[in-house]
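Start counting the sequence shown at 685; every next residue gets the next number (my numbering).
Worksheet: the structure to be examined is printed underneath.
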Amino acid sequence: MRKKSGKNKKSDDPSRGGLFDSHDLTQGSILRALLFASIPIIFSNTLQVSFQLVDRFWVGQLGTNAVAAITISFPIILVVNALIIGVSIAGTILVGQYKGQKNQKMIDYIATQSMSIVLILSLILGIIGFLSAETLLSFFTKDPEVLKLATDYLRVTFLGTTFIFIYFEYQALLRGVGNVLIPLVVILGAAVLNFFIDPLFIMGYSLNGTQLIPPMGVAGSAWATIFCQGLAGLVGLVVLIRGKNGVHLKFEQLTPQIKTIKRIFILGTPSAIEFLSRSLSGLLVTFLVASFGTIITASYGTGQFLFNLVLLPALGLNVGTSTIVSQCVGAKKIQRLKDTIKVSALISFTLLTLIGLFSTIYSTQLAQIFLPNSPQATLETINYINIMALSFGFLGIQTIIIGAIRGTGATKTAMLLSLTYLFSTIILTWILPHFMQHKGIWWAQNISIILTMIMGLVVITKFNWEKERAI
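Written as structure tokens, this is what we have:
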């Protein structure tokens, strides 16, 4: 009897459970649970961004046109990824809340149906994207060289859509049950592999005068990403099929069930729109930035990439908070849910404020890393960093609020907050450049972040945490 009690206590404490097991995050220290759920995700996100970091570094050696090609491709990729994110978030919410209820049967069923949807969507989007790549990109540049480079890059990316979608989905499902370490280990392996093969695919590789790997330029970075993330996705799929780590995919449940698909889409569509709104904002901003020329486009792309690096800690806390909230909703532990949000928001605000200060102090050095051969683009990147750093702390709070609301299953409310960001950015982006040239776009993003945070604070003070749930 004593032995059984000790075992249960161990499984309830995320710091004491098996490293690669699922975890009940509704008990024990809130700070410990939050750090356990968030820190591996922060590292995973950092490793994920390392794919882009390595790409940016090596592509940057090819010149400004190559950097601009990736810059105008990235928003289109984000639009496509918004769809998989919607399905993934729906799966995470449902799996998390069933985890709180300790209903393993429904965890496995929802996970299998979610993966089925992912496979179908990825095939459809991959074909459409490959065929329409050049047409889509032609809206963002008239430079024939940039267009050709971007088209090659985007087409290769769409070829690997299925592998990349699986790569994201298995992570979402495991995180929903509190298993955050397996995705971290798999991503680490993929990132290390990408570090070595990315320059080989971009620059080529010769041995004793024999060309073993031809130089593929910008397209080579896409091939390297697909190879590494695809391999990681297959490993994750095997983990889910084995079913020994909290989620078990079952082939007999893989046939799409209309009722379940409808349920997932109803829950996931607002999340897809939420992330799509951010992508559309990026598309609009990229379109407007491109009108100022290649130099400004390259500096914006570099600055935006650095901005996304800053987001990593907040996004890790966002997902960790959302996971705990989902499990607390399933377990009906509302006070723990509220306390988790407060702790997470405080950590996020403090951390991102400090990062903003660091970014301002070292803005010159940061810009020169990615644009060593373009002094004018470096200067514009410095301006971008210094302006955006002012709102980093507010961005941290905004991110936690949206993640917490999403974790309850109130994805429509989270979507509306993101649409606030979208529409305020659109309006200000059209107005401010008339008075401030391209710098008005930087300020538009800043102001939009603050407005969205204020609205988010208003929403959570009136939110009915006891009522909202997805199951």
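Just so you know, even glycine gets a beta-carbon here, dropped at the ideal spot from N, CA and C.
Please work out which residues of its chain come closer than 6 Å, Cβ to Cβ, to residue i, disregarding the five sequence neighbours upstream and downstream, and give them in chain order.
i     : result
I1089 : T1097 and A1098
G1091 : S1006, V1009 and S1010
F885  : M900, G904, W907 and A908
A1128 : T1109, L1112, T1113 and L1116
L924  : Y854, V931 and L933
F852  : I768 and S772
M887  : P899
I760  : L820
A1094 : E1152
S722  : G1000, L1001 and G1004
Should residue i go down as buried or exposed, given a rule of 16 or more other Cβ atoms within 10 Å for buried?
i     : result
H1118 : exposed
P997  : buried
G977  : exposed
R926  : exposed
M1072 : buried
V922  : exposed
N1057 : exposed
Y1046 : exposed
F1076 : buried
T939  : exposed
Q745  : exposed
F935  : exposed
L719  : buried
Roughly how many whole angstroms lie between the Cα atoms of residue i and residue j?
i     : j     : result
E1064 : F989  : 14 Å
I848  : L809  : 12 Å
I769  : A834  : 24 Å
V830  : S961  : 26 Å
L843  : I811  : 8 Å
V919  : L731  : 17 Å
L872  : N729  : 10 Å
W1126 : F879  : 31 Å
G1014 : G862  : 14 Å
A974  : F814  : 23 Å
G747  : V763  : 26 Å
L995  : F1078 : 11 Å
F735  : T970  : 21 Å
S798  : V864  : 19 Å
I1085 : Y889  : 48 Å
P1059 : I979  : 10 Å
V870  : A916  : 6 Å
I1144 : I957  : 20 Å
Q1049 : I1066 : 9 Å
In its own chain, which residues sit with a C-beta less than 7 Å from the C-beta of residue i, not counting the 5 before and 5 after it?
i     : result
F1042 : none
K688  : Here K688 scores only 44 on pLDDT, less than 50, and its place in the model should not be relied on; the value that follows carries that caveat. Once the five neighbours on either side are set aside, K688 has no close Cβ partner at all.
T944  : Q797
E1150 : I1018
Keeping to the same chain, check which residues put their C-beta closer than 8 Å to that of residue i; ignore five residues upstream and five downstream.
i     : result
I1081 : A1029, S1032, F1033, M1137, G1140 and L1141
Let's see if you can read the secondary structure: which residues bound the alpha helix (DSSP H) around residue i?
i     : result
T1092 : Counting along the chain, T1092 falls outside any alpha helix (DSSP H), and DSSP gives it neither H nor E.
Q745  : Counting along the chain, Q745 falls outside any alpha helix (DSSP H), and DSSP gives it neither H nor E.
T909  : G901 to R926
L938  : It is not in any alpha helix (DSSP H) - L938 carries neither H nor E in the DSSP assignment.
R1020 : I1018 to I1045
Q855  : T845 to G860
I1066 : P1059 to M1072
Q1011 : T978 to A1015
F814  : Q788 to L821
Which residues mark the beginning and the end of the beta strand (DSSP E) in which residue i is found?
i     : result
S890  : Y889 to L891
T825  : Here T825 belongs to no beta strand (DSSP E), and DSSP marks it neither H nor E.
Q1121 : Taken as a continuous stretch (DSSP letters only), Q1121 belongs to no beta strand (DSSP E), as it is neither H nor E.
T894  : T894 to I897
Can you check whether the C-beta of residue i is within less than 9 Å of a C-beta belonging to chain B?
i    : result
E829 : Here there is only one protein chain, and chain B is not present.
Would the region 776 to 791 and the region 1019 to 1027 be scored as touching if the rule is three or more Cβ pairs under 8 Å? no
I want to know whether the region 818 to 827 touches the region 890 to 901 - three or more CB-CB distances under 8 Å. no
Is it a yes or a no for the region 935 to 952 touching the region 772 to 786, going by three-plus beta-carbon pairs under 8 Å? yes
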